[in-house]
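S.K.: In this note's numbering, the protein residues as written are 48 to 485. For each residue, glycine too, the CB sits at the ideal point set by N, CA and C.
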Ligand SMILES: Cc1ncc(COP(=O)(O)O)c(C=O)c1O
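1. Examine the Cβ distances between the segment 445–452 and the segment 325–340 and report whether three or more of them are shorter than 8 Å.
2. Is any heavy atom in ligand 1 found nearer than 6 Å to the beta carbon of residue 429?
3. Can you give, in chain order, each stretch of the alpha helix (DSSP H) that sits fully within the segment 325–363 and has at least 4 residues?
4. Provide the residue span of the beta strand (DSSP E) that contains residue 404, from first to last.
5. Could you please give me the residues that DSSP links to residue 152 through a beta bridge?
6. With C-beta atoms as the reference, is residue 434 less than 7 Å away from residue 460?
7. Can you check the segment 227–287 for any alpha helix (DSSP H) of at least 4 residues that lies completely inside it and give the ranges in chain order?
8. Return yes when at least one heavy atom of ligand 1 lies under 6 Å from the C-beta of residue 245, else no.
9. Contact defined as beta carbons within less than 8 Å: I believe residue 372 pairs with residue 464. What is the distance between those atoms, to the nearest angstrom?
10. Contact between the segment 82–91 and the segment 335–344: three or more CB pairs below 8 Å?
11. Might you give, ordered along the chain, the residues of its own chain that have their beta carbon closer than 7 Å to the beta carbon of residue 126, omitting 5 neighbours on each side?
12. Measure the beta-carbon distance from residue 254 to residue 235 and round it to whole angstroms, keeping in mind my assumption that it falls under 8 Å.
13. With a CB to CB cut of under 8 Å and the five nearest residues on each side skipped, what residues in its chain are close to residue 223?
14. Consider the C-beta atom of residue 174 and the heavy atoms of ligand 1; say whether any pair is separated by less than 6 Å.
15. Do residue 484 and residue 365 have their beta-carbon atoms positioned less than 7 Å apart in this structure?
16. Ignore the nearest five residues each way along the sequence and tell me which others in residue 321's own chain have a CB closer than 8 Å to its CB.
17. In angstroms with no decimal places, state the Cα-to-Cα distance between residue 181 and residue 469.
18. Please list the segments of the beta strand (DSSP E) lying wholly inside the segment 73–138, counting only runs of 3 or more residues, in order along the chain.
19. For residue 387, name the three-state secondary structure that DSSP assigns.
20. Going by DSSP, name the residue or residues bridged to residue 376.
21. Using only the heavy atoms of ligand 1, determine whether one of them is closer than 6 Å to the beta carbon of residue 344.
22. Looking at the structure shown, is residue 30 part of a helix, part of a strand, or coil, going by DSSP?
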C-alpha cells in the first residue's frame, strides 16, 4: 500500500522540527536519516547522470561537495521551519553569509549592512569583500528607514542585517528595512542565528534570504560547526535584468541558457545558482556527519528555546536589580524597542544578551574567571550557559574608544543563557559578582 504524502504546511512548529522533509531510507527503512558518509554517488545510468549535470534533475546526487542526502534532510527541515522554499547547507555560519552575498554581488557592486553585526560578519564585509572590490556602507541607526535609503547606491545589490543583533540583542524592524530594500530593488538578507525560526521567521516579514550559523541554537549541543542559507524564492531578478548578470546572462555550460529564465518561474533561480556556482566553485560544503548531529539538535529546538527564554527572563530580572551591575542590554531594552519585541518576538527575546559590570575592566575579568557553571568561551546558543568578556578576548585588538562607539564598553560581559536550572545560574552569577568585587 502506498501512503499519501502528508500536508506538512498544516503542521505546527513542534511537529515540523521532528518530521518535515522526512524521506525514509529505501534499503533498510532506517527511522533516523543515516549519515551518508560518501564523497560520491553511483549513477544508475548515463541518462540519469546527464540529467543531473544538465540540471534537469535537481533531486539526485553526484558529488558531495554540492549535495549529500544527509545534508538534504537538514535542508528540507530548516527550509520548512523558516517558511522558505529551498535551503543549502554549508560548512559554517561564516560560509553561509559569504555565499549568500557572493551569489548576489561581484567586483564593483556594493552592500548596505547594519553596523550591529557579529564581529566575523563585519570583518568579512569590511576586509575580505573590500579586497574583492565590493563596497560597503554601514547603517548605525538600524531601524531608521531613511538611513538605509540614504546608504543605497545604484551599484547596491544587497541589504544585510541580523534579526536580533549580537551582542546587545538589538531587534531589527525587518518589515520597514525590507520595504526600503525592495524600493531600491535589492534582496534583504537576514542573519537569523540569535532568534532561530522558533522565535522569529524573517521571510514572513518580507526578508528574501535567511542565513544561520547552525553551530548555535539550531544544533544547540555545541558539537558541530555549520551554516545554512534559506531562500524564500520570491526575489524578482527579472524586474531589472541588467542589474543581475549572474542570473540573466546565458551560461555556456548550461547550453547558453540563464538561471532566471530557466528556474525563475519555480522560484529556484537563487538557490540553484548558489549551489552550482558559489558553493561548487568556492567549495565550503557541509559534512554529512555534522548534518546528522544538527538534525538531532533540531528535533528539540522549540523545547530548548522555551527554556532559554524563561531562564533569560529570570537572569535579566536578577541582573537589572543588582547594584554590582550598571546596565543590562537585551532585546527590548533599547529606547523605543519594546514595540518591536511585541511585534516580532511574541515568544520572547534571545538568550544572548549583555550587561556592564559596575566595577570596570579588572572586575569584569575577575567575574569571568570566578564563574563555575557558565563556561568562559567564544560561542553562543548552547544548552550550556556561556559567558565572554569581549574587551579581553574577541575584541582585545580593538581600541577602547572604538569599542565604546560600538556599544561594547570595557566591562561588558556577554552571556548566552543555557537551559540549566535558572536558580543555579543566578546563584553562579551572584557568587561570581561577589568574588569579582572582593
Ligand atoms: C550572529 C552570527 N552569525 C554568524 C556567525 C558565524 O558562524 P560560524 O561560527 O558557524 O561560522 C556567528 C558566530 O559566532 C554569529 O554569532
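M.R.: To lay it out plainly:
1. no
2. no
3. Within the segment 325–363, the alpha helix (DSSP H) runs of at least 4 residues that lie entirely inside it are, in chain order, 335–345.
4. Unbroken beta strand (DSSP E) run through residue 404: 399–404.
5. In the DSSP assignment, residue 152 is bridged to no other residue.
6. yes
7. 243–246
8. No, the beta carbon of residue 245 sits no closer than 6 Å to any heavy atom of ligand 1.
9. Not a contact, Cβ separation roughly 15 Å.
10. yes
11. 132, 133, 134, 277
12. 5 Å
13. 190, 192
14. Flag unset: Cβ of residue 174 not near ligand 1.
15. If you check the CB distance, residue 365 and residue 484 do not come in under 7 Å.
16. 135, 146, 147, 150, 276, 278
17. 45 Å
18. 133–137
19. helix
20. 401
21. no
22. This structure leaves residue 30 out entirely; the chain is present only between 48 and 485.
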